[in-house]
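Single-structure report; data block below.
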Amino acid sequence: MAKQARQYNIPQTSLFPFFPGAIQHRFAGLGIAVLYFLVMLVISLKYHIIGDYGVETDFYWSYVPQAKHILEGAIPIEDFHGPIYPIVLALISLVSKDLFHAGVVLSILAGAVSLFLIFELLKKLFRSDIALMGTVIVAVNTTFVQYSYTAGTDMLFMALVTASTFSLLREQEMRGINIALSALLSGIAYLTRYNGIFAVVAAPLAIILANPYQLALKDRLRPAGLFVGVFLLTIAPWGIYCLIEKGSFFYNRNYLNIAYEMFAKGRMPWDQYWSVEAQKFTSLTQVIFADPGLFFGTLVRNFFEHLLSDLGKLVGWHLGALSIVGVMMFVREKPGPLLLSYFILGLCFFGVLLLVFYGERFSMYLLPIYAAIALKALTWQRLAQYRFWKRVQIGALAAFVLTLWSAVNSYQFNSVNIDSGPKEIVSVARWFDKNMGQAERGRIIVARKPHIAYYLDMKMQLFPYVNTYDDLIAEMRKVNAAYLYFGLMEAGMRPQFQYLLDPRNAPPELRPLTHTRYPPSVLYKVELSQ
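For our numbering, add 62 to where a residue sits in the sequence shown, where the first one is 1.
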């Protein structure tokens, strides 16, 4: 007897009424993830030759040196992030010396994992067509694509917190193993980026207030307590180490970012704040009580500014406006307990970010929430009355157009940005490898950004915040500098020394070794008399 073909129920309001068997297949999410990984891998390895002067500065300046310290047996305590990413880099360095491209591949892999989890989560909370379109919207989003080829913590953190959320909400029946795994992943996310602390408040709140497991009020305390307990156990080894070494279980200096947002943003240059003003603050309490009114006023201001920025910059107003409509629909329809839990997690994450300056990359965890809410607006029953070719309702057509719009925006930005790093440094490094060999490795080089130190295998000293050439020489003498690199970044941040861009203007203490013309940069040998 012939086997009957499986019949799939396609909702009237479906945003993708094609190939229902494919999008409901258990490997659909995995297929999307693998495709994304392969496409981004080819593009990134071809075009992303060197990290940019933005976020990837942290990779060269902080993460790589910390990874080297870990391999030497020391575990450094960094002021602004936990140890997970440097530990991962240290492990990678055992099999690859090209840590930059290894970091890029790690980000691509984390992005692919995030997409798989987003698809599975949205399919659980909504339905397959919304999961597909929502995942594609995230996959082509400008910020998501950018940080998929960026060597840094952003995409690893995204994968960890999304995995934690998926584990927490994957089943409506309470299972201790799911809650414990969610808490473990949240703890690891916290040890990657300290804003992961939101989960220790958000998850218990979601369990107690939204009641995703349909428990009596008193019974909700047990899973909430389990989450908190496993989270604290996960971070305890690092917390105890920080307590012993730094005197605080939750040691970090992110309060300086909060102080910048309150007292320096728009009032002084970034370098001036971190070189001078930041030294005045020693704790979060001091920052808050320096001006409590300003602190809480900044939170209120940031609520509106961050929300508008998320809707306009992160997802784009073409989708952001629909997200507002989607919220109104959810208010009227009242989301179920699992979906409400997801919204509580997102709201708490949004709240943590109000403390610091805005950046689209910080809000990536919210991308699938905004996308799903926007798509929800397109499933309005009245829209289904207007159809094309009988199968396609107008909301589905709109979803396709909006996704294409996002993809075009992403291409226009990333096709330029992916190749925006200082390629002149690669040229300088090639000359150095050919002409100087290994003898100068480990020497001290002065520069504004750490990229040159990474590629020459030297130790970087920050270009001092001085105004005269004599002061510059004095500072280089103090740190026993052997080299000075001067490029457009140095000229932009220290315009008083712009003449150093031309090797013909070299002072007696600086001997030009090699230079590039477009863009201009010079590598100087520092020759100071004793």
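Positions of the beta carbon are idealized from the N, C-alpha and C atoms, including for glycine.
All figures in this text were calculated on a predicted structure; none of them were measured in a lab.
| Query | Result |
| --- | --- |
| Length of the line joining the Cα atoms of S583 and S482 | 16 Å |
| Assigned exposure category for D353 - 16 Cβ within 10 Å defines buried | exposed |
| Distance between F419 and A469 (C-alpha atoms, nearest Å) | 27 Å |
| Validate contact between the stretch 177-193 and the stretch 105-113 using beta carbons, cut 8 Å, 3 pairs | no |
| Contact under 8 Å by Cβ, A461 with M102 | no |
| Contact the stretch 288-297 vs the stretch 417-433: 3+ CB pairs below 8 Å | no |
| Reduced DSSP secondary structure (H/G/I, E/B, other) of K587 | strand |
| Spatial distance of G83 from L230 (CA atoms) | 27 Å |
| Residue closest to G355, alpha-carbon to alpha-carbon, out of P331, V377 and F325 | F325 |
| Backbone CA spacing between G238 and I435 [nearest angstrom] | 29 Å |
| Sequence-distant residues of the same chain with beta carbon closer than 6 Å to A340, five excluded per side | L318 |
| Straight-line gap, M63 to D191 (C-alpha atoms, nearest Å) | Because the pLDDT at M63 is just 45, under 50, the model does not fix this residue reliably, and the value given afterwards should be weighed accordingly. In a straight line, the C-alpha of M63 is about 33 Å away from that of D191. |
| Candidates F121, R556 and Y303: closest to W332 by CA position | R556 |
| Sub-8 Å separation of M426 and F206 beta-carbons | yes |
| Other residues of its chain near Y531: CB distance less than 6 Å, five sequence neighbours each side excluded | none |
| C-beta atoms of E323 and T360 nearer than 8 Å | yes |
| Cutoff 8 Å; reference F365; Cβ partners in own chain excluding five residues on either side | L416 |
| Unbroken stretches of the alpha helix (DSSP H), 4 residues or longer, contained in the stretch 284-356 | 317-321, 332-337 and 346-352 |
| Pairwise C-alpha distance: E233 and P299 | 30 Å |
| Helix, strand or coil at I85 according to DSSP, with G and I counted as helix | helix |
| G374 versus F405: straight-line alpha-carbon distance, rounded | 20 Å |
| Those residues which DSSP pairs with A509 across a bridge | L524 |
| Rounded separation between V200 and R453 - CA only | 25 Å |
| Within 8 Å, strictly: CB atoms of E486 and T578 | yes |
| The stretch 209-222 in contact with the stretch 168-184 per 3-pair CB rule at 8 Å | yes |
| Nearest-angstrom Cα separation, counted from Y335 out to R88 | 52 Å |
| Endpoints, the alpha helix (DSSP H) within which Y37 is located | Any question about residue 37 goes unanswered here, given that the chain covers just 63 to 592. |
| Spatially closest choice to S226 from A264, F358 and G421, by CA coordinates | A264 |
| Cα-Cα separation between I320 and R423, rounded to whole angstroms | 17 Å |
| Beta-carbon spacing of I506, K521 below 8 Å | yes |
| As assigned by DSSP and simplified to three states, the class of M63 | In this prediction, M63 has a pLDDT of 45, which is less than 50 and means its spatial position is unreliable; nothing more can be read from the coordinates. |
| Buried versus exposed call for Y580 [16 or more other C-beta atoms within 10 Å across all chains shown] | exposed |
| Boundaries (first-last residue) of the beta strand (DSSP E) holding T576 | L572 to T578 |
| Simplified DSSP assignment, three categories, for Q455 | strand |
| At least three beta-carbon pairs within less than 8 Å, the stretch 484-503 to the stretch 544-563 | yes |
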